[in-house]
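Residue numbers (the numbering used here): 809 to 948.
Using N, Cα and C, we set each Cβ at its ideal position, and we do this for glycine too.
Working notes, beginning with the structure itself.
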């Protein structure tokens, strides 16, 4: 691990934590992205403007990074259909567990929620096992 990797991951964690704390402090809302996005789907929640603003902020941050540091985005490590299928499975898992990694891992653990601890350990363990099996099956 290089110092650049350490600094960038630490900085990313600080930014995610700051965003979650800011949303909770200023809006009284938890930054669970799957729940936030579900509220944008029909019939939609009554509080859609802040949800749209939050999602637009996420997209704008990615676009800003692309403009400032395009090397941060390399080629996709897997075919797009594999990434799409993985995204579907992540969404399914978020629906089944009533939350996602940001909701349970960032916000729930910060609130000392036992349910979030179990969900986060399940997410992480399943993710590690999936990567291990996928790499074994593909000769990686």
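Segment limits, alpha helix (DSSP H) that includes residue i
i           : result
residue 913 : It is not in any alpha helix (DSSP H) - residue 913 carries neither H nor E in the DSSP assignment.
residue 817 : 811-835
residue 933 : 922-945
Of the residues the options, the one placed nearest residue i, counting alpha carbons only
i           : options               : result
residue 938 : 914, 925, 843 and 893 : 893
residue 911 : 943, 927 and 900      : 927
residue 856 : 873, 837 and 874      : 837
residue 862 : 887, 824 and 812      : 824
residue 831 : 940, 898 and 914      : 914
Close Cβ partners of residue i (< 6 Å) along its chain, the five nearest in sequence each way excluded
i           : result
residue 916 : 924
residue 859 : 844, 847 and 848
Residues near residue i in its chain [Cβ-Cβ closer than 7 Å; skip 5 each side]
i           : result
residue 908 : 840, 841, 842 and 902
residue 891 : 884
Residues near residue i by beta carbon distance below 8 Å, same chain, minus five either side
i           : result
residue 930 : 905
Considering only residues of the segment 844-913, which uninterrupted alpha helix (DSSP H) runs meet the minimum length of 4 residues and lie entirely inside it, listed in chain order?
856-876 and 888-904
Does the structure place the segment 868-878 close enough to the segment 834-847 that three or more beta carbon pairs sit under 8 Å?
no
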